[in-house]
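If you're matching them up, the sequences are chains A and B in order. The first sequence maps to residues 1 to 235 in full-length UniProt numbering. The second sequence maps to residues 1 to 235 in full-length UniProt numbering. Note that beta-carbon positions come from the ideal geometry of N, C-alpha and C, so glycine has one too. All values derive from a computational prediction rather than experimental measurement. Have a look at the structure below, then the notes.
There are 2 protein chains.
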Amino acid sequence: MNASRTARERARAELSREIRDEARRQLAVTGADGLSLRAVARELGMVSSALYRYYPSRDDLLTALIIDAYDALGAAAESAAAAVDSADFRGRWRAITTAVREWARAHRYEYALIYGSPVPGYRAPEDTVAPASRVALALVAVLRDAWQAGAVRPAPPERPLSEPLSAQVQTLAAAIAPELPGPVLARALIAWTQLFGMVSFELFGQLVGDVDPSDEFFAHAVDHMADFVGLPAET
Amino acid sequence: MNASRTARERARAELSREIRDEARRQLAVTGADGLSLRAVARELGMVSSALYRYYPSRDDLLTALIIDAYDALGAAAESAAAAVDSADFRGRWRAITTAVREWARAHRYEYALIYGSPVPGYRAPEDTVAPASRVALALVAVLRDAWQAGAVRPAPPERPLSEPLSAQVQTLAAAIAPELPGPVLARALIAWTQLFGMVSFELFGQLVGDVDPSDEFFAHAVDHMADFVGLPAET
DNA sequence: CGAGGGTCAAGAGCACTGCTCTCGAAAACG
DNA sequence: CGTTTTCGAGAGCAGTGCTCTTGACCCTCG
Numbered sequence: 001m002n003a004s005r006t007a008r009e010r011a012r013a014e015l016s017r018e019i020r021d022e023a024r025r026q027l028a029v030t031g032a033d034g035l036s037l038r039a040v041a042r043e044l045g046m047v048s049s050a051l052y053r054y055y056p057s058r059d060d061l062l063t064a065l066i067i068d069a070y071d072a073l074g075a076a077a078e079s080a081a082a083a084v085d086s087a088d089f090r091g092r093w094r095a096i097t098t099a100v101r102e103w104a105r106a107h108r109y110e111y112a113l114i115y116g117s118p119v120p121g122y123r124a125p126e127d128t129v130a131p132a133s134r135v136a137l138a139l140v141a142v143l144r145d146a147w148q149a150g151a152v153r154p155a156p157p158e159r160p161l162s163e164p165l166s167a168q169v170q171t172l173a174a175a176i177a178p179e180l181p182g183p184v185l186a187r188a189l190i191a192w193t194q195l196f197g198m199v200s201f202e203l204f205g206q207l208v209g210d211v212d213p214s215d216e217f218f219a220h221a222v223d224h225m226a227d228f229v230g231l232p233a234e235t
Numbered sequence: 001m002n003a004s005r006t007a008r009e010r011a012r013a014e015l016s017r018e019i020r021d022e023a024r025r026q027l028a029v030t031g032a033d034g035l036s037l038r039a040v041a042r043e044l045g046m047v048s049s050a051l052y053r054y055y056p057s058r059d060d061l062l063t064a065l066i067i068d069a070y071d072a073l074g075a076a077a078e079s080a081a082a083a084v085d086s087a088d089f090r091g092r093w094r095a096i097t098t099a100v101r102e103w104a105r106a107h108r109y110e111y112a113l114i115y116g117s118p119v120p121g122y123r124a125p126e127d128t129v130a131p132a133s134r135v136a137l138a139l140v141a142v143l144r145d146a147w148q149a150g151a152v153r154p155a156p157p158e159r160p161l162s163e164p165l166s167a168q169v170q171t172l173a174a175a176i177a178p179e180l181p182g183p184v185l186a187r188a189l190i191a192w193t194q195l196f197g198m199v200s201f202e203l204f205g206q207l208v209g210d211v212d213p214s215d216e217f218f219a220h221a222v223d224h225m226a227d228f229v230g231l232p233a234e235t
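In structure tokens, the structure reads:
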């Protein structure tokens, strides 16, 4: 009885996955608001109403795709970092940032889904925050390791944190990197927003006509940001 | 005959404007893909097909709204900068960046329209590039004035441009700020992407749970970036 | 073994969308 | 005044997300 029950559940899980896969395929060509449940069902040889047994609404399907995308991006960043000598802090930093950019370029609509304008009326459920922070955590991990190795030298000038900001950064530090001093973590936040700002600008066409292709600009900015947070130069 | 001809054209221009206004009003509550031509027409007391005489497609209406948004944002940035003593370079820098952030927060869906994920299948026409660059030009103007006053001291370390990047930056410089050396303009580009990355993260909910509200973080980052590009400290 | 309950795909249908086409009225022009 | 252009109204097409009902299947328990 257990076996048969799992057989059913396995079929269900399988179909859920096939739906997501087909949806992702359509996403890749038509973009987020071109995603049509009917088209997905049609491609899978079923009728649209049947699909609602697996994802109760279009938003639920999108949420599943969003989580998948965050996870794929996070995994790409983490494995890229793991492929570098762990003592080569700048190398790890570069690996993560270029992995993010390359994943984004290879999956532009999935990237737009998670880092573009949120679908109005749609609120990200709790399930998304953990996978969403993987990239940030990977970057912070590099900085933390470098800090513990005594290798962090933030670029001048120093800029003390205001009192309220210091408090915010402290609670953030307590959660992810208690060793790091506030000003360093604040610099990491700035570098983090810079990274995604740059990738978004490139993907969303804001850089066209200026620095396009932007490989060189990206590499330059990444190193500038590594200096900024205080990572040591080369290995 | 000329007067009557313009009478018709004036009515046409007026209606075009009313359509855009109503569309913008709907945009503010439902977001970009909630914008419905039929709803706009309904609200204006006309039938949907009549609207197509003014904007031949939904994309054309969106394009008009995009241009309006770029212009409004650019005007906000420019007038904020003009309200500051022109010799107070850092003050102008702060004025522009906070004006951008405040406009974005006050018009989040219009901001999302221009700096969020582009509508798939939609290509920005030529008409958008000029208004789109107003903010960037305002920032560069500050930097250029500061440079000509001999007041620019980029934060160390120096980081030479690679050859291809230098070429790209040179052609960009030739178009907007011939006096500025390449490395300085490259830093400006980085600060520019950082600014919009930060605003987008705040508006799109990526900062929630970390630094939210982000007024303090924003101000901190803006000053860091002013240091980074080399603007002098206070007046 | 055979009945009852749960699971599922299918189909019809609702309200909505962007967009096209045709038609009649009104305005502009010669 | 007649003609041509401009414009709004209406019907209609193909598509969307989503709901509800119907009938088939399978699993479990009496």
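query, result
"Three-state secondary structure (DSSP) of Gly197 of chain A", "helix"
"Chain-ordered chain A contacts of Gly209 of chain B [CB-CB under 8 Å]", "Val129"
"Those runs of the alpha helix (DSSP H) which lie wholly inside the segment 44 to 123 of chain B and span at least 4 residues", "48 to 51, 58 to 82, 89 to 106, 108 to 115"
"Reduced DSSP secondary structure (H/G/I, E/B, other) of Gln26 of chain B", "helix"
"Closer than 8 Å to chain A by CB, His224 of chain B", "yes"
"Test: Gly205 of chain A CB closer than 8 Å to a CB of chain B", "yes"
"Within chain B, partners of Ala69 of chain A - CB distance below 9 Å", "Those within 9 Å of Ala69 of chain A in chain B number zero; the least Cβ separation is about 13 Å."
"Where Gln206 of chain A falls, given that 16 or more other Cβ within 10 Å makes a residue buried", "buried"
"Reference Ala95 of chain B, options B:Ala87, B:Ala106, B:Arg105, B:Ala83, closest by Cα", "B:Ala83"
"Through-space distance from Glu202 of chain A to Arg38 of chain A, alpha-carbon basis", "32 Å"
"Selection from A:Ala106, A:Leu62, A:Met46 that minimises the alpha carbon distance to Leu73 of chain A", "A:Ala106"
"Neighbour list for Arg159 of chain A in chain B, Cβ cutoff strictly below 8 Å", "His220, Asp223, His224, Asp227"
"Beta-carbon neighbours of Ser36 of chain A, restricted to chain B and to distances below 9 Å", "Chain B residues near Ser36 of chain A: none, gap ~13 Å exceeds 9 Å."
"Simplified DSSP state of Glu234 of chain A, which is helix, strand or coil", "coil"
"Amino acids of chain A, ordered along the chain, whose beta-carbon sits closer than 8 Å to that of Ala141 of chain B", "Per Cβ cutoff of 8 Å: no residues; Ala141 of chain B is ~16 Å from chain A at best."
"Inter-residue Cα distance where the pair is Ala151 of chain A and Pro232 of chain A", "6 Å"
"Three-way DSSP call (helix, strand, coil) for Ser214 of chain B in this model", "coil"
"Classification of Ser200 of chain A by the beta-carbon crowding that lies within 10 angstroms, buried from 16 upward", "buried"
"Selection from A:Ala50, A:Ala41, A:Arg144 that minimises the alpha carbon distance to Gly179 of chain A", "Before going on, a small fix: residue 179 of chain A reads as Glu here, not Gly. With distances taken between Cα atoms, Glu179 of chain A lies closest to A:Arg144."
"Beta-carbon proximity list for Ala11 of chain B, same chain, < 7 Å, skipping 5 on both sides", "none"
"Element boundaries [alpha helix (DSSP H), containing Asp127 of chain B]", "Asp127 of chain B -> no alpha helix (DSSP H), and no H or E assigned at all."
"Three-state secondary structure (DSSP) of Phe204 of chain A", "coil"
"Beta-carbon contacts of Gly91 of chain B that lie in its chain and below 6 Å, excluding the five residues immediately before and after", "Val84"
"Start-to-end residues for the alpha helix (DSSP H) that takes in Arg134 of chain B", "134 to 148"
"Separation of Met198 of chain B from Phe204 of chain A, as counted between CA atoms", "16 Å"
"Integer Cβ distance of Leu65 of chain A from Arg20 of chain A, believed to fall under 8 Å", "6 Å"
"Contact list for Thr193 of chain B against chain A, beta-carbon separation under 7 Å", "Gln194, Gly197, Met198, Phe201"
"At least three beta-carbon pairs within less than 8 Å, the segment 210 to 217 of chain B to the segment 124 to 131 of chain B", "no"
"At least 3 beta-carbon pairs within less than 8 Å: the segment 173 to 193 of chain B vs the segment 41 to 58 of chain B", "no"
"Proximal chain A residues relative to Pro118 of chain B, where beta-carbon distance stays under 7 Å", "Phe204, Gly205"
"CB of Ala177 of chain B within 8 Å of CB of Val229 of chain B, strictly", "no"
"Nearest-angstrom beta carbon gap, Ala155 of chain B and Pro156 of chain A [assumed within contact, 8 Å]", "6 Å"
"Chain B within 8 Å of Ala188 of chain A, Cβ atoms only", "no"
"Ser57 of chain A: contacting residues in chain B (beta-carbon distance under 8 Å)", "Under the 8 Å cutoff, chain B gives no residues; its nearest Cβ is about 16 Å from Ser57 of chain A."
"Contact set between Ser162 of chain B and chain A, taken where Cβ atoms lie within less than 9 Å", "Glu216, Ala219, His220"
"Stretch-stretch touch, CB-based, cutoff 8 Å, three pairs: the segment 23 to 33 of chain A with the segment 108 to 116 of chain A", "yes"
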